[in-house]
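Notes follow once the structure below has been shown.
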Amino acid sequence: MATKYFLRLPEPANARGNDIDLAFRSEGAEGLATEFQDALRSAGLFERWRARQEDPDAVDVSLGAVDPAATVRGEQSGLAIDLVATTSLPGNVFKHRLRLLAGSGWELRDVTAG
330 MATKYFLRLP EPANARGNDI DLAFRSEGAE GLATEFQDAL RSAGLFERWR ARQEDPDAVD
390 VSLGAVDPAA TVRGEQSGLA IDLVATTSLP GNVFKHRLRL LAGSGWELRD VTAG
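My numbering puts the last residue of the sequence shown at 443; the count rises by one with no breaks.
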């Protein structure tokens, strides 16, 4: 069953993960939404992160789950950006991908059934 996450990036320019090679590159709502959607739909971001770990083979492979049907919409809201992500991925995988992309520069506003 899908879950819908309502997120806010209050300061989009600061919503970047610790590793610049894995973090968001886009500035606008549409670009950020596309990057996040790609991260949920494919294992590319996870595999790049995994390869950077001291022992990649020890990484929990369940973090590499993907949802090819995931969708993310982005909208500018004043200076902030609101994202609405719908996915069937487990919450821990969802948050892991978001932290890689945005670091701690995001707020979870609401969660509903997708």
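Virtual Cβ for every residue (Gly too), placed ideally from N, Cα, C.
The bridge partners DSSP lists for Leu336 are Leu412, Leu437. Taking a C-beta distance under 8 angstroms as the contact criterion, Arg426 and Val413 do not qualify as a contact pair.
With fewer than 16 other CB atoms across the displayed protein chains lying within 10 angstroms of its CB, Thr441 is exposed. DSSP, reduced to helix, strand and coil, places Arg354 outside both helices and strands of the structure shown, so it counts as coil.
In the DSSP annotation of this structure, Val422 is not part of any beta strand (DSSP E); the continuous alpha helix (DSSP H) holding it starts and ends at 420 to 431.
For Arg402, the enclosing beta strand (DSSP E) has its first and last residue at 400 to 406. Taking a cut-off of 8 angstroms for Cβ pairs, the segment 351 to 370 and the segment 392 to 411 touch, as three or more such pairs fall below it.
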